[in-house]
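These protein sequence lines map, in sequence, to chains A and B.
Heads up: the first sequence runs through residues 25 to 182, numbered per the working numbering.
Heads up: the second sequence runs through residues 25 to 182, numbered per the working numbering.
Number of protein chains: 2
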Amino acid sequence: METETATRWLTDAEQCAWRTYLDVTRLLTYQLERDLQPFGLTINDYEILVNLSESADLRMRMSDLASATLQSKSRLSHQITRMENAGLVRRENCESDRRGLFAVLTDHGMETMRKVAPHHVESVRQHFIDLLSPEALVDLRASLTPVAEHLRGRRGKV
Amino acid sequence: METETATRWLTDAEQCAWRTYLDVTRLLTYQLERDLQPFGLTINDYEILVNLSESADLRMRMSDLASATLQSKSRLSHQITRMENAGLVRRENCESDRRGLFAVLTDHGMETMRKVAPHHVESVRQHFIDLLSPEALVDLRASLTPVAEHLRGRRGKV
Numbered sequence: 025m026e027t028e029t030a031t032r033w034l035t036d037a038e039q040c041a042w043r044t045y046l047d048v049t050r051l052l053t054y055q056l057e058r059d060l061q062p063f064g065l066t067i068n069d070y071e072i073l074v075n076l077s078e079s080a081d082l083r084m085r086m087s088d089l090a091s092a093t094l095q096s097k098s099r100l101s102h103q104i105t106r107m108e109n110a111g112l113v114r115r116e117n118c119e120s121d122r123r124g125l126f127a128v129l130t131d132h133g134m135e136t137m138r139k140v141a142p143h144h145v146e147s148v149r150q151h152f153i154d155l156l157s158p159e160a161l162v163d164l165r166a167s168l169t170p171v172a173e174h175l176r177g178r179r180g181k182v
Numbered sequence: 025m026e027t028e029t030a031t032r033w034l035t036d037a038e039q040c041a042w043r044t045y046l047d048v049t050r051l052l053t054y055q056l057e058r059d060l061q062p063f064g065l066t067i068n069d070y071e072i073l074v075n076l077s078e079s080a081d082l083r084m085r086m087s088d089l090a091s092a093t094l095q096s097k098s099r100l101s102h103q104i105t106r107m108e109n110a111g112l113v114r115r116e117n118c119e120s121d122r123r124g125l126f127a128v129l130t131d132h133g134m135e136t137m138r139k140v141a142p143h144h145v146e147s148v149r150q151h152f153i154d155l156l157s158p159e160a161l162v163d164l165r166a167s168l169t170p171v172a173e174h175l176r177g178r179r180g181k182v
């Protein structure tokens, strides 16, 4: 007697869409990383610089930065150490805020960000944005927004 | 005198689409990893198991496996060592093929793959596929296929 729920394997069309999505994700990460390499940055480094440069006083609480970049605190901590050694950020304790270890963008970090941003945007255009029509971009956003919302909702739960 | 080419920053619509795509990529990786954790597998482990299980004789040359999973050979080597320690794969030298160090799926690896696959498919459905309409999946594939082709073409070049 079969008591398990039957697995709903992907149909061919679903499999094709999923496979294409996965391939683009991996290939694009690889390409964007390669374009950032001459600047000594990884994609994660760049994402940290973007987050800090857009924050008030160019600083963020480490726990907020971990949430914003979807990393575990321990992994972020290792990354911030590397970036600190490269002079891009520094850690700062906030005396008036007991929760507060902050990551702060340094002048060198801001300068690096300004220098790299045009190249990174060009890379994103060349390898993704400019390959999609404006209509396709609108559709992509419309399709993926509910997915992002669903996943964001899940992320809160343990 | 301005001699640099002006940076073509992303428009608001492009920025929104790009941001949504990036968020989904990260959140989805996080969620799929979390769903694989009870089985002691990472997404990369799972991908290796899929590749080997679909190969003739359940084995692949390490260099082919690195290409298929878009990893560097050194990173793949570390991963295969971990998976070897977990009894999922083994390395094998091919005496008649001088190029050949192979990764081979073990019985335990195949068994693990069979056990995990239904859960992973359910996870992919719940957090991605089932959130998109059939039309959206067709559009997604159509939009991303040229991107995948472009990036695959680039990947060969050094």
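Even for Gly, the Cβ is constructed at its ideal location relative to N, Cα and C.
None of these values were measured; they are calculated from a predicted model.
Output the distance between the C-alpha atoms of M107(B) and N117(B), rounded to the nearest integer angstrom.
Your numbering for residue 107(B) matches position 83 in the second sequence. Your numbering for residue 117(B) matches position 93 in the second sequence. Taking the straight line from one Cα to the other gives about 17 angstroms.
Does any residue of chain B have a CB that is nearer than 7 angstroms to the CB of Q55(A)?
If you number the first sequence from 1, residue 55(A) lands on position 31. Yes - at least one Cβ of chain B is within 7 angstroms of the one on Q55(A).
Any contact between the segment 97-116 of chain B and the segment 47-60 of chain B? By contact I mean 3 or more CB pairs, one from each, below 8 angstroms.
no
Along the alpha helix (DSSP H) that carries A141(B), what are the first and last residues, could you check?
On the second sequence, residue 141(B) is found 117 positions in, with the first residue counted as 1. First-last of the alpha helix (DSSP H) with A141(B): D131 to H151.
Could you have a look at R176(B) and say whether DSSP puts it in helix, strand or coil?
Counted from its first residue, the second sequence places residue 176(B) at position 152. Here R176(B) sits in helix by DSSP.
Going straight from the alpha carbon of L164(B) to that of H151(B), what length do you get?
Residue mapping note: residue 164(B) aligns to position 140 of the second sequence, counting from 1. Residue mapping note: residue 151(B) aligns to position 127 of the second sequence, counting from 1. Near 16 angstroms, if we compare the C-alpha coordinates of H151(B) and L164(B).
Rounded C-beta distance between R83(A) and V128(A)? I'm assuming under 8 angstroms.
Stepping through the first sequence from its first residue, residue 83(A) is reached at position 59. Stepping through the first sequence from its first residue, residue 128(A) is reached at position 104. Between V128(A) and R83(A) the Cβ distance is about 4 angstroms, and since that is below 8 angstroms, they are a contact.
Whose C-alpha, out of D69(A), P142(A), T93(A) and A160(A), is nearest the C-alpha of Q103(A)?
In the first sequence, counting from the first residue as 1, residue 103(A) sits at position 79. Ranking the options by Cα distance to Q103(A), first place goes to D69(A).
So L52(B) and I72(B) are in contact, right, with Cβ under 8 angstroms, and what is the actual spacing, rounded?
Stepping through the second sequence from its first residue, residue 52(B) is reached at position 28. Stepping through the second sequence from its first residue, residue 72(B) is reached at position 48. The Cβ separation is near 19 angstroms, so there is no contact.
May I ask you to report which of helix, strand or coil DSSP gives E78(A)?
Here residue 78(A) refers to the residue found at position 54 of the first sequence. If DSSP states are grouped into helix, strand and coil, E78(A) belongs with coil.
Name the chain B residues that come within less than 8 angstroms of C40(A), Cβ to Cβ?
To locate residue 40(A), count along the first sequence from 1; it is residue 16. Within 8 angstroms Cβ-Cβ: R165.
Do you know offhand how far D154(B)'s Cα is from T29(B)'s?
Locating residue 154(B) in the second sequence gives position 130, where the first residue counts as 1. Locating residue 29(B) in the second sequence gives position 5, where the first residue counts as 1. Computed Cα separation, rounded: 44 angstroms.
For G133(A), which option in E78(A), S147(A) and S157(A) has the closest C-alpha, if you only look at C-alpha atoms?
Here the question's residue 133(A) lines up with position 109 in the first sequence. Minimum Cα-Cα distance from G133(A) among the listed residues E78(A), S147(A) and S157(A) corresponds to E78(A).
How many Å lie between S157(B) and R50(B) at the Cα?
To locate residue 157(B), count along the second sequence from 1; it is residue 133. To locate residue 50(B), count along the second sequence from 1; it is residue 26. S157(B) and R50(B): Cα-Cα distance of roughly 21 angstroms.
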